[in-house]
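These notes concern the structure reproduced below.
What follows is the structure, given as structure tokens:
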């Protein structure tokens with residue numbers, strides 16, 4: 001029994017002395033700085049042409065402090081396709097965004113692609129409060145163009 005107690009004391013002293021030499025690990029890169037890479041998901045309803053809901057998702061990269069470039073995909077009821085564009089934050093409350101969107105319209109009856117093309121969109125947004133903003137969008141396609149002004153709510 002005495003040998004077991006001695007062995008326990010020796011092991012405890014060794015463990016205590018080794019822990020005194022322990023070195024703090026460096027911080028993970030995610031905690032060290034803010035990343036320029038972002039993933040985004042946006043949804044909005046367009047009333048310029050018809051009542052339709054769009055979903056945009058993609059990857060954004062910050063080139064400068066307030067200037068981002070992005071690529072992604074847009075899906076809605078009538079068409080889907082890829083998009084790319086730039087976004088600029090004038091202040092923390094005002095932002096401007098421009099994008100090009102390639103699309104393929106899908107006929108809902110037989111799920112066949114009927115038309116493809118390119119559209120351009122320019123959007124400005126003013127944040128009034130934490131959850132409410134006002135936006136204006138100018139949208140141009142080969143066969144139609146429209147201007148939309150709306151009030152948005154974020155939650």
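In full-length UniProt numbering, the protein residues as written are 1 to 155. Ideal Cβ positions, reconstructed from N, Cα and C, are used throughout, including at glycine. Since the model is a prediction, treat every value here as computed from it, not as a measurement.
Element boundaries [beta strand (DSSP E), containing residue i]
i: residue 128; result: Counting along the chain, residue 128 falls outside any beta strand (DSSP E), and DSSP gives it neither H nor E.
i: residue 233; result: Nothing can be reported for residue 233: it is not among the residues displayed for the chain, which extend from 1 to 155.
Cβ-Cβ separation, residue j to residue i (assumed contact under 8 angstroms), whole Å
i: residue 122; j: residue 102; result: Their Cβ separation, rounded to whole angstroms, is 17 angstroms, which puts residue 122 and residue 102 out of contact at 8 angstroms.
i: residue 100; j: residue 85; result: 6 angstroms
i: residue 40; j: residue 57; result: 7 angstroms
i: residue 139; j: residue 146; result: 5 angstroms
i: residue 78; j: residue 52; result: 6 angstroms
Helix, strand or coil at residue i according to DSSP, with G and I counted as helix
i: residue 144; result: coil
i: residue 80; result: strand
i: residue 139; result: strand
i: residue 35; result: coil
i: residue 115; result: strand
i: residue 150; result: strand
i: residue 69; result: strand
i: residue 90; result: coil
i: residue 121; result: strand
With 16 other Cβ atoms within 10 Å as the buried cut-off, status of residue i
i: residue 55; result: exposed
i: residue 70; result: buried
i: residue 74; result: buried
i: residue 87; result: buried
i: residue 43; result: exposed
i: residue 72; result: buried
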